[in-house]
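Below: one structure, written as structure tokens.
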Amino acid sequence: MDDKLELTRRKALTGLGGIGAGAALGGTGTMAFLNDTETSAGNTVTAGELDLKIDWEEHYNGSMIEDQALTDNPGPVFDLGDVKPGDSGEATISLHVFDNPAWVHMAGELTKNAEMGVNEPESHAAGEDDTMEGGGDDMSGELADEILVDVWYDGSEADADGEGGNNVYESEEVPIASGTLRDVMAELEDGRLLSNQAPAATDVGTASNGGEACLTGDEWKIDDTPVVGDTTPNGDIEITAVEEEAGEVVGVEWESQREICLVAVKGGPSTTTYEYDCATSGGVDYAPENAGNDNRTYYEISNVQFYYCEGEDGNGGGDNGDDCWPNSTTQYIGFSWELPFEVGNEIQSDELQFDLEFHAQQCRHNDDPRNPYAD
Numbered sequence: 001m002d003d004k005l006e007l008t009r010r011k012a013l014t015g016l017g018g019i020g021a022g023a024a025l026g027g028t029g030t031m032a033f034l035n036d037t038e039t040s041a042g043n044t045v046t047a048g049e050l051d052l053k054i055d056w057e058e059h060y061n062g063s064m065i066e067d068q069a070l071t072d073n074p075g076p077v078f079d080l081g082d083v084k085p086g087d088s089g090e091a092t093i094s095l096h097v098f099d100n101p102a103w104v105h106m107a108g109e110l111t112k113n114a115e116m117g118v119n120e121p122e123s124h125a126a127g128e129d130d131t132m133e134g135g136g137d138d139m140s141g142e143l144a145d146e147i148l149v150d151v152w153y154d155g156s157e158a159d160a161d162g163e164g165g166n167n168v169y170e171s172e173e174v175p176i177a178s179g180t181l182r183d184v185m186a187e188l189e190d191g192r193l194l195s196n197q198a199p200a201a202t203d204v205g206t207a208s209n210g211g212e213a214c215l216t217g218d219e220w221k222i223d224d225t226p227v228v229g230d231t232t233p234n235g236d237i238e239i240t241a242v243e244e245e246a247g248e249v250v251g252v253e254w255e256s257q258r259e260i261c262l263v264a265v266k267g268g269p270s271t272t273t274y275e276y277d278c279a280t281s282g283g284v285d286y287a288p289e290n291a292g293n294d295n296r297t298y299y300e301i302s303n304v305q306f307y308y309c310e311g312e313d314g315n316g317g318g319d320n321g322d323d324c325w326p327n328s329t330t331q332y333i334g335f336s337w338e339l340p341f342e343v344g345n346e347i348q349s350d351e352l353q354f355d356l357e358f359h360a361q362q363c364r365h366n367d368d369p370r371n372p373y374a375d
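For the sequence shown, position 137 (counting from the first letter as 1) is numbered 137 according to UniProt numbering, and the numbering increases by one without interruption.
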């Protein structure tokens, strides 16, 4: 008996065909399960929008300057020639946040403070050497050190009294920066996160200080030239000492029962602000410098406003709490300047330029906004 297995080509092909058929039957079997298909078609994802628009109302020596131009690249707010001692001006900048809530930063930079040459009258002015000369460099002028500037929150369109953006720096309004134009631009150069000024249930001012909310009100103000023993109406702040110059009060030392975050000292045409870290019980602060008076260092103090840290008010002062600006609202920044009468010939022909910039970024998923102007 021959046990040898014979495999012909026909048999091999038949066997392979059987394997193929088995695979085909297996595939047919899986399609027998119950099944269903639903389709969600036309899905779209649309990015949200965030738009910051600005406009302004400008006054020069008390007269309103009216002009209107709509543009994505606005020109300068101030464009003034032939400015003389005694001149002053103000612009209230309207900031409109559209579509989504936003954090808003403000920045400033002094880009030019040029001498533009020294003529004969200027050559004999204080600080000059009786030499007439050429233009010098772009930062050799004196004008930026003589112009006094106040920047403040001029309210919002939601103010209960309807006075938001009225172009007037009122004593209860919150300062942003004060001093010479050079000093103010230096303070704003690294950017400032602006506070949401939409009013809370109680009408108090607010300021932003290192992420802490600063609040104030009439009960936190000494509304006259201070003397030793003066207290704020709520009794929480006491003046313990004063510094005088030529018989006028120019500095104050104070003690507080509350944590203070900012003190605004008004004197002459300007206000000087001092920031504290919400952990102080007292301080020493001065009126603005009287740069145009060779015999005086400071102006006389006319009033002092204190700002307390969020959560420190035992009298229910109210709290805005959130510096994120709601969408579809308008808030106002006031910017006033003055060239005092006392300024002399040292500024003749000087020219300066400065930039103001506002930057908005979304609030959603952004509890700690990045400062776009920080190094």
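Cβ coordinates follow ideal geometry from the N, Cα and C atoms, glycine included.
Own chain partners of residue i with C-beta closer than 6 Å, once the 5 adjacent residues on each side are dropped
i: A107; result: L188, G191, E357, Y373
i: F335; result: A91, V151
i: E248; result: E300
i: Y276; result: I260, C261
i: C309; result: E212, E259, C261, C278
i: L181; result: A144, I147, V149
With 16 other Cβ atoms within 10 Å as the buried cut-off, status of residue i
i: P233; result: exposed
i: R364; result: exposed
i: A241; result: exposed
i: V341; result: Per the sequence shown, residue 341 should be read as Phe rather than Val. Flag for F341 reads exposed.
i: V263; result: buried
i: S328; result: exposed
i: A144; result: buried
i: V227; result: exposed
i: A114; result: buried
i: M235; result: Per the sequence shown, residue 235 should be read as Gly rather than Met. Classification for G235: exposed.
i: D323; result: buried
i: G165; result: buried
i: G86; result: exposed
C-alpha gap between residue i and residue j, whole angstroms
i: E292; j: V343; result: Per the sequence shown, the amino acid found at residue 292 is Gly instead of Glu. Answer to the nearest angstrom: the Cα atoms are 5 Å apart.
i: S195; j: W325; result: 8 Å
i: S256; j: T280; result: 8 Å
i: T231; j: T225; result: 12 Å
i: E244; j: Y299; result: 10 Å
i: P101; j: K84; result: 42 Å
i: G283; j: V252; result: 8 Å
i: L215; j: C278; result: 12 Å
i: Q331; j: V97; result: 9 Å
i: I301; j: M185; result: 24 Å
i: Q348; j: D138; result: 15 Å
i: H359; j: Y169; result: 24 Å
i: D375; j: P369; result: 15 Å
i: T46; j: D367; result: Low confidence applies here, because T46 scores a pLDDT of 42, under 50, leaving its location unreliable; read the following figure in that light. When rounded, the distance between both Cα atoms is 23 Å.
i: G268; j: E219; result: 23 Å
Which listed residue (the options) has its alpha carbon closest to that of residue i
i: E338; options: S178, A246, Y332; result: S178
i: E289; options: Y276, V265, V104, Q305; result: V265
i: K221; options: I260, N327, N100, E142; result: I260
i: D355; options: G247, V242, K112; result: K112
i: D183; options: T273, G282, T330; result: T273
i: D154; options: M139, D138, E142, V174; result: V174
i: E142; options: D368, E275, L352, G247; result: L352
i: F306; options: V168, E109, G217, S88; result: G217
i: N167; options: Y286, N366, E346, S88; result: S88
Same chain, Cβ closer than 8 Å to residue i, five either side skipped, listed in chain order
i: D223; result: S171, N303
i: S270; result: L148, V149, D150, S178, G179, P288, Y299, E338
i: residue 399; result: A query on residue 399 cannot be resolved here, the shown segment of the chain reaching from 1 to 375 and no further.
i: A246; result: N295, R296
i: D350; result: N113, A114, E115, M116, G141, E142, L143
i: G229; result: E238, I239
i: I333; result: T92, I93, L95, M106, V151, W152, Y153, D154, I176, L194
i: G18; result: With a pLDDT of only 45 at G18, under the threshold of 50, the placement of this residue in the model should not be trusted, and no figure is reported.
Beta-carbon contacts of residue i that lie in its chain and below 7 Å, excluding the five residues immediately before and after
i: E109; result: M185, E189, F354, D355
i: Y286; result: V250, G251, V265, T272, Y298
i: W254; result: I237, E238, I239, T240, G282, G283
i: L16; result: At L16, the pLDDT of 39 sits below 50, so the modelled position is not reliable; the number obtained from the coordinates is stated separately. Hits under 7 Å: none found.
Practice problem: Starting from the N-terminal side, write out each stretch of the beta strand (DSSP E) that is 3 residues or longer and does not extend beyond the segment 298 to 373. | Solution: Complete beta strand (DSSP E) runs here, min 3: 301 to 309, 329 to 338, 351 to 362.
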